[in-house]
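Chemist: Just dropping this structure here.
Protein chains: 2
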Amino acid sequence: MTTIRDIARESGYSVSTVSRVLNNKHHVSAEARLAIQQVIEQLDYVPNNIARDLSKGRTESIGVVLPHTNHPYFTQILDGILAAAFVTDYRIVLLPSDYDILREQSYLEQLRCKVFDGLIFTSRRIELEIIKNYQKYGPIVCCEKLEDANVLSVYSVREPAYLEAFQWLKKRGKNQGAILLSRGEEISATAKATMKAYRAFYQSEPDEKLVITGVTTYQDGYEAGEKLVRDYESFDYIFANSDDDAAGIRQYYLDHDLSLPLIVGQENQLSGKLLKLPTIDHQLSKVGQHAFFLATKQSTTTHIAVMSHFIPR
Amino acid sequence: MTTIRDIARESGYSVSTVSRVLNNKHHVSAEARLAIQQVIEQLDYVPNNIARDLSKGRTESIGVVLPHTNHPYFTQILDGILAAAFVTDYRIVLLPSDYDILREQSYLEQLRCKVFDGLIFTSRRIELEIIKNYQKYGPIVCCEKLEDANVLSVYSVREPAYLEAFQWLKKRGKNQGAILLSRGEEISATAKATMKAYRAFYQSEPDEKLVITGVTTYQDGYEAGEKLVRDYESFDYIFANSDDDAAGIRQYYLDHDLSLPLIVGQENQLSGKLLKLPTIDHQLSKVGQHAFFLATKQSTTTHIAVMSHFIPR
DNA sequence: TTGAAAGCGCTACCAG
DNA sequence: CTGGTAGCGCTTTCAA
Chain A
1 MTTIRDIARE
11 SGYSVSTVSR
21 VLNNKHHVSA
31 EARLAIQQVI
41 EQLDYVPNNI
51 ARDLSKGRTE
61 SIGVVLPHTN
71 HPYFTQILDG
81 ILAAAFVTDY
91 RIVLLPSDYD
101 ILREQSYLEQ
111 LRCKVFDGLI
121 FTSRRIELEI
131 IKNYQKYGPI
141 VCCEKLEDAN
151 VLSVYSVREP
161 AYLEAFQWLK
171 KRGKNQGAIL
181 LSRGEEISAT
191 AKATMKAYRA
201 FYQSEPDEKL
211 VITGVTTYQD
221 GYEAGEKLVR
231 DYESFDYIFA
241 NSDDDAAGIR
251 QYYLDHDLSL
261 PLIVGQENQL
271 SGKLLKLPTI
281 DHQLSKVGQH
291 AFFLATKQST
301 TTHIAVMSHF
311 IPR
Chain B
1 MTTIRDIARE
11 SGYSVSTVSR
21 VLNNKHHVSA
31 EARLAIQQVI
41 EQLDYVPNNI
51 ARDLSKGRTE
61 SIGVVLPHTN
71 HPYFTQILDG
81 ILAAAFVTDY
91 RIVLLPSDYD
101 ILREQSYLEQ
111 LRCKVFDGLI
121 FTSRRIELEI
131 IKNYQKYGPI
141 VCCEKLEDAN
151 VLSVYSVREP
161 AYLEAFQWLK
171 KRGKNQGAIL
181 LSRGEEISAT
191 AKATMKAYRA
201 FYQSEPDEKL
211 VITGVTTYQD
221 GYEAGEKLVR
231 DYESFDYIFA
241 NSDDDAAGIR
251 QYYLDHDLSL
261 PLIVGQENQL
271 SGKLLKLPTI
281 DHQLSKVGQH
291 AFFLATKQST
301 TTHIAVMSHF
311 IPR
């Protein structure tokens with residue numbers, strides 16, 4: 001492997017001058033620059049990136065923690081991050097967490113070990129207080145609405161769109177709904193937002209038999225349908241967690257010749273379009289882009305809100 | 001920042017001994033280990049990963065080149081890669097290419113600069129010969145069937161499933177089809193496989209008006225439907241590029257009250273399930289897993305084939 | 001404008 | 001079992 005020292009020796013200049021040429025710095029004579037560049041070409045030399053990173057103390061890479069890639073919430077945020085990173089020299093490193101707290105913590109440790117310059121949590125299970133302890137090692141962005149002004153946060157503002165959806169349902173005479181959530185209200189920020197909007201609109205608690213958690217895929221939706229029908233309660237609409245799981249629950253009803261309640265999806269996915277389901281677009285790609293800006297300190301604010309849109313169909 | 005030298009000084013042992021403790025190596029007395037570990041705790045020390053990488057000359061990360069993430073071909077392969085990497089210490093770095101040859105080459109250069117230990121091309125535009133020039137810098141895996149025994153290759157064996165699909169269509173009296181492809185046959189390995197199977201089955205060239213390229217999404221499918229209907233040719237089935245674009249083309253027919261030809265999708269997506277379209281599952285997650293094994297030299301073979309499955313519906 | 005040399009923080013070899 | 005030390009390849013400061 002040819003090193004900067006080889007170039008220095010062969011060109012007759014010093015390592016420092018070669019370094020200056022490599023980094024396009026000033027204070028190098030035209031002839032020195034030329035001579036050095038020629039040797040670089042000849043020896044087919046390329047600087048070692050790790051050595052550079054070590055010297056500079058940075059890695060030019062951002063870690064993105066995501067539980068899995070089976071939900072549009074994550075893939076859409078990721079798309080936004082990639083789009084924003086595309087025009088920079090930053091690398092995006094995928095960090096699958098499976099919602100395992102130990103894994104999440106190990107990624108924080110890696111931030112500390114300077115594996116990444118910054119970290120984005122598309123979702124998390126680990127406590128915020130622990131995350132705060134790691135902020136001194138680099139910017140950490142959470143894709144959720146946080147009250148704490150000291151933690152970087154990007155999120156979609158869901159309430160208005162949720163209220164609009166409930167209003168729309170009401171106009172159509174639908175007043176009693178089943179709610180599908182990804183995770184429980186106590187650990188999921190999005191679940192919390194959904195329930196908050198529900199309470200604000202109806203001024204009451206939903207029947208607990210009508211709230212089902214752990215629903216993210218078509219299959220989950222199908223099983224949720226089964227459960228809802230079994231534990232039958234009176235309801236006239238279903239507020240799903242995504243268009244895909246909405247499609248699953250719809251299929252359960254169809255397969256069992258049951259009359260379909262009105263179903264509202266989320267995420268504006270292809271399945272919702274195909275089945276003409278009303279849905280809510282949370283603009284997650286934008287969330288991802290902003291998260292990247294914060295993680296790379298291209299943005300100076302700490303909290304960024306993106307508006308969700310209700311799409312009636 | 002506390003370094004290994006601080007730990008050495010504070011514990012009264014040498015840098016080497018501390019390093020041994022850090023790396024869980026032998027030849028360290030229990031007391032030394034204990035004393036050193038205590039100091040490590042006290043000073044809240046953590047080894048710098050970049051320095052480690054530099055010393056060892058490796059990065060523990062694999063780059064994954066992908067044109068975009070809007071097609072299940074890529075997301076499914078990526079899922080497989082992540083699943084395989086999950087149980088290792090390797091990091092997965094996403095490298096968006098947008099099919100830009102210059103970008104693809106820059107990633108090869110990064111492999112050369114030791115940014116990655118290995119590279120996976122989920123798809124590529126750059127010439128194979130150029131890739132071969134970079135093999136000396138680390139393992140490079142292409143997710144396509146390559147004749148060249150010297151390039152690592154993982155791919156799904158599509159022909160048998162394609163032939164089965166054509167046979168299935170024939171049994172249902174469908175003999176003249178329109179073909180949707182992602183990219184042209186000359187640059188796309190999957191397009192080539194499709195056309196090869198077509199020719200093998202029908203013993204003839206398809207009508208060129210019935211071959212449409214650049215189709216990967218629902219929207220693309222919709223537009224392809226428009227085009228097919230406009231340049232009307234006699235055909236009784238459509239062989240789509242994915243279930244999603246199959247859904248798009250189907251919708252075009254429905255929107256214009258045209259009688260639907262038989263549509264076969266690919267990739268076994270949710271949309272195909274919802275619309276009950278026959279499809280072909282290319283097992284791309286498995287392809288991704290194997291690609292990772294090759295890129296990390298966990299596998300000694302150079303070519304791995306994964307069988308596609310036709311799913312009649 | 002140039003060069004010498006001191007790091008960056010760690011690993012690995014060799015000697016004891 | 002332990003320590004000294006020479007790297008790993010580059011950047012950066014300081015002096016010339």
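Protein chains in written order, with the UniProt record's numbering: chain A, 1 to 313; chain B, 1 to 313. Each residue gets a CB set at the ideal place from its N, CA and C atoms; glycine is no exception.
1. Taking 8 Å as the cut-off, does the segment 257 to 267 of chain B touch the segment 198 to 210 of chain B (at least 3 CB pairs, one atom from each stretch)?
2. Give every residue of the same chain whose Cβ lies closer than 8 Å to the Cβ of asparagine 23 of chain A, excluding the five residues on either side of it in the sequence, and list them in chain order.
3. Start and end of the alpha helix (DSSP H) containing proline 72 of chain B?
4. Using a Cβ-Cβ cut-off of 8 Å (strictly less than) and excluding sequence neighbours within five positions of tyrosine 222 of chain A, which residues of its own chain qualify?
5. So, using beta-carbon positions, are leucine 95 of chain B and valine 64 of chain B closer together than 8 Å?
6. Name the chain A residues whose beta carbon is nearer than 7 Å to that of glutamate 226 of chain B?
7. Output the residue ranges of the beta strand (DSSP E) runs that lie fully inside the segment 210 to 291 of chain B and measure 3 residues or longer, sorted by chain position.
8. In the segment 84 to 115 of chain B, which residue ranges form an unbroken beta strand (DSSP E) of at least 3 residues, counting only runs that do not cross its ends?
9. Within 8 Å (strictly less), CB to CB, does glutamate 185 of chain B reach chain A?
10. Looking only at C-alpha atoms, which of B/Gln110, B/Ile187, B/Thr122 and B/Thr3 sits nearest to lysine 286 of chain B?
11. Does the beta carbon of threonine 2 of chain B sit closer than 8 Å to a beta carbon anywhere in chain A?
12. Taking all protein chains shown into account, do 16 or more other C-beta atoms lie within 10 angstroms of the C-beta of glutamate 31 of chain B, making it buried, or fewer, making it exposed?
13. Would you mind sorting asparagine 49 of chain B into buried or exposed? The rule is 16 or more other CB atoms within 10 Å of its CB.
14. Tell me the DSSP secondary structure of serine 153 of chain B in three-state form.
15. Suppose contacts are defined by Cβ-Cβ distances below 8 Å. Is tyrosine 232 of chain A in contact with glycine 177 of chain A by that definition?
16. Starting from the Cα of valine 211 of chain A, find the closest Cα among A/Pro160, A/Gly225, A/Ala193 and A/Leu181 and give me that residue.
17. Mind checking whether alanine 51 of chain A and leucine 54 of chain B have CB atoms under 8 Å apart?
18. Counting only beta-carbon separations shorter than 8 Å, does glutamate 109 of chain B have a partner in chain A?
19. Any residues in the segment 110 to 131 of chain A with a beta carbon nearer than 8 Å to a beta carbon of chain B? Which ones, in chain order?
20. Would you kindly check if the distance between the Cβ of valine 46 of chain A and the Cβ of isoleucine 7 of chain A is under 8 Å?
21. What separation, rounded to the nearest whole angstrom, lies between the Cα atoms of aspartate 244 of chain A and arginine 20 of chain A?
22. Just to confirm my understanding: we take glutamate 208 of chain B, look at its own chain, exclude 5 residues before and 5 after, and list those with CB closer than 7 Å. What are they?
23. Can you give me the Cβ contacts of glycine 184 of chain B inside the same chain, cut-off strictly under 8 Å, excluding the 5 residues immediately before and after it?
24. Have a look at phenylalanine 293 of chain A and arginine 158 of chain A and give me their C-alpha separation to the nearest angstrom.
25. Take glutamine 298 of chain A as the anchor and find which of A/Asp89, A/Tyr202 and A/Ser156 has the nearest alpha-carbon.
26. Leucine 180 of chain B by DSSP, collapsed to three states: which one?
27. In terms of residues, what are the limits of the beta strand (DSSP E) holding valine 141 of chain B?
28. Using a cut-off of 7 Å between C-beta atoms, extract the partners of arginine 91 of chain B located in chain A.
29. Which chain A residues are close to threonine 213 of chain B, counting only those with a beta carbon under 7 Å from its beta carbon?
30. With a cut-off of 8 Å, do at least 3 Cβ pairs link the segment 101 to 116 of chain B to the segment 69 to 89 of chain B?
31. Pick from A/Arg230, A/Arg125, A/Val28 and A/Ser61: whose alpha carbon is nearest that of arginine 91 of chain B?
32. When you compare only the Cα positions, how much space is there between valine 28 of chain B and valine 15 of chain B?
33. Can you pull the chain B neighbours of phenylalanine 86 of chain A, defined as C-beta to C-beta under 7 Å?
34. Would you mind sorting valine 289 of chain A into buried or exposed? The rule is 16 or more other CB atoms within 10 Å of its CB.
35. Given a cut-off of 8 Å, decide if threonine 216 of chain B and asparagine 70 of chain B are closer than it, judged by their beta-carbon atoms.
36. Three or more C-beta pairs closer than 8 Å, one from the segment 120 to 136 of chain B and one from the segment 97 to 112 of chain B: is that the case here?
Modeler: This is what the structure gives:
1. no
2. none
3. 72 to 86
4. Gly248, Ile249, Gln251 and Tyr252
5. yes
6. Correct list: empty, because the minimum Cβ distance to chain A is about 17 Å.
7. 237 to 239, 262 to 264 and 279 to 281
8. 91 to 96
9. no
10. B/Thr122
11. no
12. exposed
13. buried
14. strand
15. no
16. A/Leu181
17. yes
18. yes
19. Gln110, Arg112, Cys113, Lys114 and Val115
20. no
21. 55 Å
22. none
23. Ala191 and Thr213
24. 21 Å
25. A/Asp89
26. strand
27. 140 to 142
28. Val93
29. Within chain A, no residue comes near threonine 213 of chain B; the closest Cβ sits about 21 Å away, beyond 7 Å.
30. no
31. A/Ser61
32. 12 Å
33. Pro96
34. The sequence given here places glutamine at residue 289 of chain A; valine does not occur at that position. Burial call: buried.
35. yes
36. yes
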